[in-house]
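By the working numbering, the letter at position 69 of the sequence shown is numbered 1242, and the numbering carries on one by one without gaps. Here a beta-carbon is modelled for each residue, glycine too, at the ideal position from N, C-alpha and C. As the structure is a computational prediction, the values presented were derived from the model and not from experiment. Right, one structure below, let's go through it.
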Amino acid sequence: MNNLNQLILNFDHEQNFKDQDFYVSKSNEYSFKLLNSWPIWEKNFINLFGEKFSGKTHLVNIFLEKFNGIKIEADQINNQSLKDIKIYENIVIENLNKNIDENIFFTLLNNIEQDNKFLIVTTIKPIVNFRFGLNDLNSRSKNFLLSALEKPGDDLMFALILKNLSDRQISIDKKLIDFIVKRIDRSYGKIFEFIYKIDNISLKRRKPIDFKIIREAFRGIIE
């Protein structure tokens, strides 16, 4: 964290990391503030949604460290889950998709509501866009407060590239990051794919990252 912040300061880039290196930007500020405002929520059910790698898991992990609770993978929900949640006030269901026991999930939602507990469900698309086989579940999905993790802006893209390269103990010049940010798709998945590519090419060439390696990585993504 200290090394990363020092790099950001050296780059004259705004230092805006909060809680375990989570970078707060316009793309995720609403969700970050919402989870940190617990228990003063408009609704007890929150749907945190965004594309893969957008930071959903990072955010709920920060939430659980602060406020305590239980996290369950959606595809692992079963009858035992109904017992497991009883002693917790906060429940997180991660990666909800169509591969779920709808009856148990509906019962879980009812139990949470009846006990006036709090629920965060993470999904890729908004839960209201799901089409469950159980009509009651479709109705219940409309009771969630939606919180989107939007596509990354320039500042978040810069921070993600810097952090992930720093985690790999790779130094990179600011102008190279600016070059990448101006050309890469605004997609969390593409950012992480690109970081992997330039790191891999750099290791194979046994050379530090430069414009030549970056251009080669871009060709690989396009192809």
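May I have the straight-line CA-CA distance separating asparagine 1270 from lysine 1380, to the nearest angstrom?
Indexing the sequence shown from 1 puts residue 1270 at position 97. Indexing the sequence shown from 1 puts residue 1380 at position 207. When only Cα atoms are considered, asparagine 1270 and lysine 1380 end up about 42 Å apart.
Reference isoleucine 1264; option with closest CA among Phe1352, Gly1223 and Phe1218
The residue you call residue 1264 lines up with position 91 of the sequence shown. The shortest Cα separation from isoleucine 1264 among Phe1352, Gly1223 and Phe1218 belongs to Phe1218.
Should proline 1212 go down as buried or exposed, given a rule of 16 or more other Cβ atoms within 10 Å for buried?
As a working mapping, residue 1212 is identified with position 39 in the sequence shown. It is exposed - the Cβ of proline 1212 has fewer than 16 other Cβ atoms within 10 Å.
Cβ neighbours of isoleucine 1350 in the same chain (closer than 7 Å, five flanking residues each side left out)
Sequence index remark: in the sequence shown, residue 1350 carries index 177 (1-based). Hits under 7 Å: Phe1331, Ile1334 and Leu1335.
Out of Ser1344, Ala1390 and Asp1346, which has the shortest C-alpha to C-alpha gap to phenylalanine 1365?
If you number the sequence shown from 1, residue 1365 lands on position 192. Closest option to phenylalanine 1365, Cα to Cα, is Ala1390.
To the nearest angstrom, report how far apart glutamate 1286 and serine 1200 are at their CA atoms.
For this step, residue 1286 is matched to residue 113 along the sequence shown. For this step, residue 1200 is matched to residue 27 along the sequence shown. Cα to Cα, glutamate 1286 sits roughly 30 Å from serine 1200.
Contained beta strand (DSSP E) runs [length at least 3] in the stretch 1280 to 1359, N- to C-terminal order
1291 to 1296 and 1318 to 1321
Taking the alpha carbon of alanine 1398 as the point to measure from, which residue in Pro1299, Ile1371 and Lys1370 has its own alpha carbon closest?
Limits of the chain in this structure are 1174 at one end and 1396 at the other, which puts residue 1398 out of reach.
What is the DSSP secondary structure of valine 1197, counted as helix, strand or coil?
Position 24 of the sequence shown, counting from 1, holds the residue named residue 1197. Coil.
Closest by CA to isoleucine 1243, which one among Ile1345, Leu1207 and Lys1290?
Position 70 of the sequence shown holds residue 1243. For isoleucine 1243, the nearest C-alpha among the options comes from Lys1290.
Please classify leucine 1307 as buried or exposed, where buried requires at least 16 neighbouring CB atoms within 10 angstroms.
Here residue 1307 corresponds to residue number 134 of the sequence shown, with the count starting at 1. That one is exposed.
Would you list the residues sitting across from valine 1265 in a DSSP beta bridge?
In the sequence shown, residue 1265 corresponds to position 92, counting from 1. Valine 1265 pairs with Lys1244 and Ile1293.
Does isoleucine 1213 come out as helix, strand or coil in the three-state DSSP assignment?
The residue given as residue 1213 occupies position 40 in the sequence shown. Of the three classes helix, strand and coil, the one that applies to isoleucine 1213 here is coil, per DSSP.
Assuming isoleucine 1258 and isoleucine 1277 form a contact by the criterion Cβ under 8 Å, report the distance between their Cβ atoms to the nearest whole angstrom.
Taking the first residue of the sequence shown as position 1, residue 1258 is located at position 85. Taking the first residue of the sequence shown as position 1, residue 1277 is located at position 104. Actually they are not in contact, since the Cβ atoms of isoleucine 1258 and isoleucine 1277 sit about 12 Å apart, beyond 8 Å.
As a quick exercise: from Asn1252, Phe1305 and Glu1246, pick the residue whose alpha carbon is nearest that of glutamate 1275.
Here residue 1275 refers to the residue found at position 102 when the sequence shown is read from its first residue. Out of Asn1252, Phe1305 and Glu1246, Phe1305 has the C-alpha closest to the C-alpha of glutamate 1275.
Any idea if leucine 1376 is buried or exposed, counting beta-carbon neighbours within 10 angstroms, 16 or more meaning buried?
Here residue 1376 refers to the residue found at position 203 when the sequence shown is read from its first residue. Exposed is the call here.
Suppose you measure from the CA of leucine 1208 to the CA of isoleucine 1297; what does that come to, to the nearest Å?
Working through the sequence shown from its first residue, we reach residue 1208 at position 35. Working through the sequence shown from its first residue, we reach residue 1297 at position 124. Using only the alpha carbons, I get a separation of about 18 Å.
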